[in-house]
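A short write-up of the structure that comes next.
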Amino acid sequence: MSDFTNDHMILVIFGAAVATYLTRIAGYVLLSVVSDIPPRAEAALNAIPAAVLTTLVAPAFYAGGWEGKLAIAAALLTGLRFKSPLPMIAVGWSVVMVCRYFIIG
Amino acid sequence: MRESSEFSSGLRSGIVPALSAAPFGMLFGAVSVTQGQSVFETALMSLTIFAGASQLVGVELFGQRVAPWLIIASIVAVNFRHVLYSAALTPVIAHFSLPKKLIAFFLMTDPQFAEALKRHEEEERVTFSWYLGAGLVLYVLWNIMTLIGATLGGFIKNPEALGLDILLPIYFLSLVMGFRKRPNYLPIVAASALGSILAYATVGSPWHVSIGALAGILLAALLPPGKTKEAAQ
């Protein structure tokens, strides 16, 4: 069971693909069954994108090195000025590279 | 003519997120090959799963020879947010036919979802041509970058030396900031941040994604409805 072959690998990939597709249609299927959305449920639905995406940022900030924390903070400040992600990425990446090559050495 | 201009507008909407995701496609390809998967298996994952963070979790677990059901469960845990996304996307694409909806949900990724909601919020109707344009840019570039990464895999010894590790969180941060005019934005983001960090430090990855998100979503349901910063609709 633990030592799987190439054939198993392909099966696991297809299994993961089917499971992932099911997560992608599950919310739609649920809403088709439940037609009337109460206001609190709607507030919850509205909160989903920011709530989920935050969980992809905060632990990276928490677990990353100090140069990572500095880069994310710098990107946050950049984001207050510019709407597009590219300036944020450019600033954050530059901070990390400068720290790693000139300060950590 | 209208259809094709919608499609090219979709291509334009997709290009920035696709380029931001490109390094991760490469990173995934490289990590997957260095964990012992073939180029074919690596490409198959990007073609059929098409969900970057979960693919990286998957190859990490393949490398550790974890039981297959646990690998699939972990991939589902990372992708659990799709359940929430598809619920939120449903009213936005309500006018698509069923086959078009099924295609749209296959192409639904973090950036695709965010771009579609942004377009919907700007009171522009999300057409299927626009959605397909944006989705295909992401899908095609993701798969090309996977192949490049898988081919070059052996050469990237240390992604941190290239600063690749910081790109993904900053990209997601930019998406989070895009929602800052939503009702109760700050408390929701604070609850999710705190919840995900606590879960990360205790239960561990990948559960911090679902647990942190639930913290923010529950708070949103409990709080009195806040005002949107734009004029009331």
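One line per chain: the protein sequences are A and B, in this order. Numbered according to this note's numbering, the first sequence spans residues 68 to 172. Numbered according to this note's numbering, the second sequence spans residues 2 to 234. For glycine and all other residues, C-beta sits at the position ideal for the given N, C-alpha and C.
Between the Cα of K119 (chain B) and the Cα atoms of A:V165, A:S151, A:I139, which residue gives the shortest distance?
A:S151
C-alpha distance - L220 (chain B) paired with A111 (chain A), whole-angstrom precision
8 Å
Does chain A have any CB closer than 7 Å to the CB of V141 (chain B)?
no
Members of the region 39-52 of chain B that neighbour chain E once the beta carbon cut-off is set at 8 Å
The structure shown contains no chain E; the protein chains it does contain are A and B.
Alpha helix (DSSP H) runs contained entirely in the region 3-56 of chain B, provided each spans 4 or more residues
3-35, 40-49
Less than 6 Å between C-beta atoms, sequence neighbours within five positions excluded: which residues of the same chain meet that for G217 (chain B)?
I189, A192, S193
Going by Cα to Cα distance, which pick from B:F51, B:T91, B:F8 is closest to V96 (chain A)?
B:T91
Using a Cβ-Cβ cut-off of 8 Å (strictly less than) and excluding sequence neighbours within five positions of S10 (chain B), which residues of its own chain qualify?
W131, G134
Using a 10 Å radius around the Cβ and a threshold of 16 neighbouring Cβ atoms, would you call P100 (chain B) buried or exposed?
exposed
Collapsed DSSP secondary structure at R66 (chain B) in the structure displayed
coil
Just to make sure I have the definition right: I need the residues of chain B whose C-beta is within less than 7 Å of the C-beta of V124 (chain A). Which are they?
P170, F173, L174, V177
Start and end residues, alpha helix (DSSP H) containing N185 (chain B):
No alpha helix (DSSP H) holds N185 (chain B); DSSP gives it neither H nor E.
Does any residue of chain B bring its CB to less than 7 Å from the CB of P116 (chain A)?
yes
For the region 135-155 of chain A, which residues have a beta carbon sitting closer than 7 Å to at least one beta carbon of chain B?
G135, A138, I139, A142, L143, G146, S151, P152, L153, M155
To be precise: take each residue of the region 76-90 of chain A, compare its Cβ to all Cβ atoms of chain B, and keep it if any distance is under 9 Å. Which residues remain?
M76, I77, L78, V79, I80, F81, G82, A83, A84, V85, A86, T87, Y88, L89, T90
Helix or strand or just coil, what does DSSP make of L112 (chain A)?
helix
Beta-carbon within less than 6 Å of S69 (chain A)'s beta-carbon, same chain only, minus the 5 sequence neighbours each way: which residues are those?
Low confidence applies here, because S69 (chain A) scores a pLDDT of 42, under 50, leaving its location unreliable; read the following figure in that light. For S69 (chain A), where only same-chain residues beyond five positions count, there are no Cβ hits under 6 Å.
Assign T203 (chain B) to buried or exposed, taking buried as 16 or more other Cβ atoms, counted over all protein chains shown, within 10 Å of its Cβ.
exposed
Does the CB of N144 (chain B) have a neighbour CB from chain A at under 7 Å?
no
7 Å is my cut-off, CB to CB: does Y132 (chain B) come that close to chain A?
no
So for R126 (chain B), helix, strand or coil by DSSP?
coil
Mapping the DSSP letters down to three states, classify L199 (chain B) as helix, strand or coil.
helix
Nearest CA to the CA of F173 (chain B): which residue from A:A118, A:A84, A:A86, A:E109?
A:A118
Contact criterion: CB-CB distance below 7 Å. Does V165 (chain A) meet it with respect to chain B?
no
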